[in-house]
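Contents: one structure, followed by commentary.
Residue numbers (my numbering), protein chains in the order written: chain Z, 9 to 138; chain P, 64 to 230.
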């Protein structure tokens with residue numbers, strides 16, 4: 009699975025995710041990626057793109073949960089995403105990238121690795137695997 | 064000494080403040096996420112577009128989704144010939160009254176919109192044929208970067224709820 013989230017200088021948010029799914033999956037199986045609120049979500053607060061075991065991400069409505077925790081618990085994107093990844097989903101199944109309307113970036117995961125990279129206007133950038 | 068790698072983009076008297084035009088292309092966020100995912104779909108090392116993992120029948124079924132902060136969104140599933148699924152998802156968002164098109168309907172929409180399509184074999188890589196073989200030997204459904212079973216590891220019987228513990 010590949011994904012990208014972005015917030016532009018006008019504060020517009022967007023998220024895009026694309027995948028081939030799971031190895032050896034049944035023909036006709038749909039994963040989390042095209043399910044709005046599971047693998048991909050955006051609203052006026054944040055944009056989220058998730059990856060991992062689709063069935064766990066769908067059950068956990070992961071991408072929507074990040075936005076909902078921000079919205080209803082009034083916490084930062086980083087805290088909301090950490091909560092969803094650490095508390096809301098089974099270990100070893102989920103990773104995500106997300107940005108907020110204020111330009112915050114977070115890339116938590118509970119697997120042993122996630123290919124990831126980010127850059128922000130103030131010059132911060134990060135590339136990582138494990 | 065283990066592995067090490069370094070790369071550069073050229074040395075010289077690079078102006079500290081690159082002209083804004085080169086650092087900011089003025090693309091809105093929606094264009095940026097689509098363009099980045101298109102690039103990643105075209106890299107065979109990632110599980111999307113070319114390099115998608117295979118179903119139990121050795122076929123490719125790709126899916127994608129795009130959404131913006133106003134919750135305008137588009138999603139596609141079950142694609143077998145579309146080179147960039149993410150761009151078709153964006154066309155679903157912008158050219159139809161729906162959110163999600165799948166399988167034959169999505170393929171027909173792709174032809175109607177004139178997006179680039181190729182034979183399914185374009186997406187299949189030797190690495191993914193090998194991955195599918197490993198997954199079948201282990202009798203499991205797995206995420207693309209799952210390590211092959213060691214010889215002493217027992218075969219897995221998929222759990223009833225569909226969640227393979229080694230997935």
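Quick reminder that beta carbons are idealized off the backbone N, C-alpha and C, glycines included.
Beta-bridge pairing by DSSP links residue 134 of chain Z to Z:126. Per DSSP, reduced to three states, the secondary structure at residue 117 of chain Z is strand.
Scanning the segment 152 to 197 of chain P from its first residue to its last, the whole beta strand (DSSP E) runs of 3-plus residues come out as 163 to 165.
The C-beta of residue 99 of chain Z has fewer than 16 other C-beta atoms within 10 Å across all chains shown, which makes the residue exposed.
For residue 73 of chain Z, the enclosing alpha helix (DSSP H) begins and ends at 70 to 81. A residue is called buried once 16 or more other Cβ atoms fall within 10 Å of its Cβ, and residue 120 of chain Z, having fewer, is exposed.
In this structure residue 146 of chain P touches residue 112 of chain P by the C-beta definition: roughly 7 Å separates them, less than 8 Å. Of all C-beta pairs linking the segment 58 to 69 of chain Z to the segment 98 to 118 of chain Z, three or more are shorter than 8 Å, placing the two stretches in contact. Interface residue (Cβ-Cβ distance to chain Z less than 8 Å): residue 131 of chain P is classified as such.
For the set Z:108, Z:86, Z:97 and Z:138, the Cα lying nearest the Cα of residue 18 of chain Z is the one of Z:108. Residue state for residue 111 of chain P is assigned as coil, using DSSP reduced to three classes. Identification of chain Z residues near residue 148 of chain P by a Cβ-Cβ cut-off of 7 Å yields 26, ordered along the chain. Close to residue 42 of chain Z, with beta-carbon spacing below 7 Å, are these residues of chain P in chain order: 126, 127, 128, 138, 139, 140 and 163.
Contact annotation: residue 46 of chain Z and residue 106 of chain Z have beta-carbon atoms that are not nearer than 8 Å. Between the alpha carbons of residue 110 of chain P and residue 188 of chain P lies a gap of roughly 11 Å. Contact of residue 49 of chain Z with chain P is assigned, a C-beta pair being separated by under 8 Å.
Rounded to the nearest angstrom, the gap between the Cα atoms of residue 48 of chain Z and residue 98 of chain P is 16 Å.
Here residue 84 of chain Z carries a coil assignment [DSSP, helix/strand/coil]. Residue state for residue 65 of chain Z is assigned as helix, using DSSP reduced to three classes. Residue 24 of chain Z is bridged by DSSP to Z:12 and P:129. Among the residues facing chain Z, residue 154 of chain P is not included, as its CB has no counterpart in that chain under 8 Å away. In this structure, DSSP gives residue 117 of chain P a state outside helix and strand, which the three-state scheme calls coil.
Taking the Cα positions, residue 92 of chain P is about 25 Å away from residue 66 of chain Z.
Close to chain Z, meaning a Cβ-Cβ distance shorter than 7 Å, is no residue of the segment 164 to 175 of chain P at all.
If you look at residue 104 of chain Z, you'll find it in the beta strand (DSSP E) that goes 102 to 108.
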